[in-house]
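See below for the structure under consideration.
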Amino acid sequence: MRKLCTFTPGAIWPDSNGVHINAHGGGILRRDGVYYWFGEKRAAQASEGINVYSSPDLYNWQYEGVALPPVEGDPDHDITRGCVMERPKVLFNEATGKYVMWFHLELKGQGYRAARAGVAVSDTVTGPYEFLRSLRPNGNMSRDMTLFEDDDGTAYHIFASRDNYDMRICQLSDDYLTPTEKDVVIHGDHREAPAVFKHEGRYFLITSGCSGWKPNEARLDTADSIWGPWTGQGNPTRGPNAETTFDSQSTHVLPVEGREGAFIFMADRWIPGNLTDSRYIWLPIKFEDGRPVLNWIDEWDLSWFDENTGVG
Ligand code: GAL
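Counting in this note's numbering, the sequence shown runs from 7 upward without gaps.
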C-alpha cells in the first residue's frame with residue numbers, strides 16, 4: 007500500500023489493506039502518540055457495530071477490527087444484531103484507566119423511536135468493548151451525539167433531544183459511565199450532528215439542520231461557559247456548496263496534537279443507497295478574528311496549519 011501524505015476530502019480513503027475506511031459518524035481519540043478513529047461500521051444499509059482504526063499521522067489508517075459488535079443470538083439484547091449504532095465517541099478516563107464509549111442506539115425494529123444512548127467500556131483502546139447499558143439521560147430522548155472532555159477532565163454528553171428539537175448538554179459522572187443531573191438545553195432550534203471544541207477558553211459547537219442523510223447548512227454556536235449562553239454565529243462554511251456544508255454533515259472536530267490552535271473539521275458525505283461507501287470530508291479550521299471558518303480545499307496536508315494557524 008502506497009503511503010498517503012495528504013487529505014483528499016470526498017475521495018475513497020483506503021486503509022492499510024486498501025479498503026475504503028468504514029468508520030462513519032466517527033470521532034477520534036489520541037493515546038500514547040497514536041490516533042484512534044471510531045466510527046459506524048456500515049453495510050450498504052445495515053449497522054454492523056463500531057469499527058476502530060489506528061494511525062500515527064492521520065493520513066494512513068490501519069484497521070484494528072470491530073470495537074463493539076452487535077450481539078448475536080439474543081433477540082432481547084439492547085444491541086442485538088439489527089439494532090442501529092451511530093456516532094460513537096470514545097474518551098479515556100484517567101481515574102479508572104478505562105476507555106469509555108458512548109453512541110446513539112436505536113433498538114431493533116423500532117426505527118428511530120427508541121432514541122437512546124449506549125455506553126460501553128474497555129481496558130484497551132481498540133477493545134472489544136463491553137456493553138454496559140443503554141439509557142435516556144435523565145429521561146430525555148438522545149439521538150445524534152458527541153462527547154467532549156474539558157481541560158479539567160470533566161466530560162460532557164451533547165445530544166439531540168425532544169425529537170431533535172433540543173440540543174442538550176449533560177455532565178457525565180467522574181468515571182464517565184453515567185449522566186449526572188447537571189443537564190441543560192443549549193438551544194431548541196432543531197439541530198443535530200453536534201461537534202464541540204475549545205480554543206483560547208471559548209467553546210465552539212458546530213451542528214447541522216435535521217434533514218436525515220441529506221446535507222444542509224451547518225451552524226456555529228459559541229459560549230464562554232460550557233453551560234452557555236450559547237450564541238448562534240451563522241454558517242461557518244464559505245464558498246461553493248457552503249449551503250450544504252460541502253455536501254456533508256458534521257461529526258467531530260479534532261484538535262491536532264502538538265499544534266496549538268490546529269483543528270480538523272470532520273464530516274460525513276452520506277451515500278444513503280450504499281452507506282459503506284459514504285465519504286469523509288476533513289477540512290482545516292481557520293480562525294478569522296477568533297471565529298472558525300471553513301473553506302473547501304481539494305487536497306491538503308498538515309503543513310497548511312504552518313501558514314494558517316492563528317491568522318486573524
Ligand atoms: C441523520 C443523522 C444520522 C442518521 C440519519 C438517519 O439526521 O444525523 O446520524 O441518524 O439521520 O436518517
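Every residue, glycine too, gets a C-beta built ideally from N, C-alpha and C.
According to the neighbour-count rule (16 or more other Cβ atoms, all chains shown, within 10 Å of its Cβ), is residue i buried or exposed?
i           : result
residue 24  : exposed
residue 152 : buried
residue 49  : exposed
residue 78  : exposed
residue 246 : exposed
residue 57  : buried
residue 150 : buried
residue 235 : exposed
residue 43  : buried
residue 167 : buried
residue 242 : buried
residue 278 : exposed
residue 18  : exposed
residue 130 : exposed
Can you give the Cα-Cα distance for residue i and residue j, rounded to whole angstroms?
i           : j           : result
residue 108 : residue 94  : 6 Å
residue 73  : residue 53  : 13 Å
residue 132 : residue 70  : 7 Å
residue 266 : residue 296 : 14 Å
residue 206 : residue 263 : 15 Å
residue 209 : residue 61  : 27 Å
residue 283 : residue 193 : 33 Å
residue 313 : residue 260 : 19 Å
residue 268 : residue 311 : 6 Å
residue 189 : residue 8   : 47 Å
residue 76  : residue 183 : 20 Å
residue 196 : residue 20  : 35 Å
residue 88  : residue 33  : 23 Å
residue 301 : residue 80  : 47 Å
residue 274 : residue 30  : 7 Å
residue 248 : residue 102 : 42 Å
residue 318 : residue 154 : A caution first: residue 318 carries a pLDDT of 40, below 50, which makes its placement in the model unreliable, though a value can still be read off. Each residue's Cα considered, the two are about 26 Å apart.
residue 315 : residue 65  : 20 Å
residue 223 : residue 238 : 13 Å
residue 122 : residue 55  : 15 Å
residue 156 : residue 99  : 12 Å
residue 118 : residue 186 : 24 Å
residue 111 : residue 138 : 13 Å
residue 218 : residue 276 : 10 Å
residue 39  : residue 59  : 14 Å
residue 293 : residue 198 : 23 Å
residue 115 : residue 90  : 9 Å
For the alpha helix (DSSP H) that residue i lies in, which residues bound it at each end?
i           : result
residue 313 : 310 to 314
Give the DSSP-derived three-state secondary structure of residue i in the structure shown.
i           : result
residue 160 : coil
residue 172 : strand
residue 281 : helix
residue 248 : helix
residue 143 : helix
residue 17  : coil
residue 383 : Because the chain in this structure spans residues 7 to 318, residue 383 falls outside the shown range and cannot be described.
residue 318 : Reliability fails at residue 318, whose pLDDT of 40 lies under 50, so the model's placement of it is uncertain and no value is given.
residue 26  : strand
residue 197 : coil
residue 34  : strand
residue 64  : coil
residue 255 : strand
residue 179 : coil
residue 148 : coil
residue 74  : strand
residue 7   : coil
residue 219 : coil
residue 238 : strand
Span of the beta strand (DSSP E) holding residue i?
i           : result
residue 98  : 90 to 99
residue 263 : Residue 263 -> no beta strand (DSSP E), and no H or E assigned at all.
residue 271 : 269 to 275
residue 227 : 225 to 229
residue 84  : Per DSSP, residue 84 belongs to no beta strand (DSSP E) and is neither H nor E.
residue 301 : 297 to 301
residue 151 : 151 to 155
residue 212 : 208 to 214
residue 56  : 53 to 61
residue 41  : 40 to 48
residue 128 : 122 to 128
residue 305 : Looking at the DSSP string, residue 305 is not in any beta strand (DSSP E), and its letter there is neither H nor E.
residue 114 : Here residue 114 belongs to no beta strand (DSSP E), and DSSP marks it neither H nor E.
residue 292 : 292 to 294
How about residue i: is its Cβ closer than 7 Å to a heavy atom in ligand 2?
i           : result
residue 283 : The model depicted lacks ligand 2 and carries ligand 1 instead.
### Task
Answer yes if the region 300 to 312 comes into contact with the region 11 to 31, meaning at least three C-beta pairs across the two stretches below 8 Å, and no otherwise.
Under the 8 Å Cβ criterion, the region 11 to 31 counts as touching the region 300 to 312, having at least three qualifying pairs.
### Task
Would you check if there are 3 or more beta carbon pairs closer than 8 Å linking the region 275 to 290 to the region 194 to 204?
no
### Query
Within the chosen definition, does the region 228 to 237 reach the region 246 to 258 through at least 3 CB pairs nearer than 8 Å?
No: fewer than three Cβ pairs fall under 8 Å.
### Task
Please determine if the region 143 to 150 and the region 74 to 86 are in contact, where contact requires at least 3 C-beta pairs separated by less than 8 Å.
no
### Message
Quick check: the region 217 to 229 against the region 163 to 171, are at least 3 beta-carbon pairs closer than 8 Å?
### Response
no
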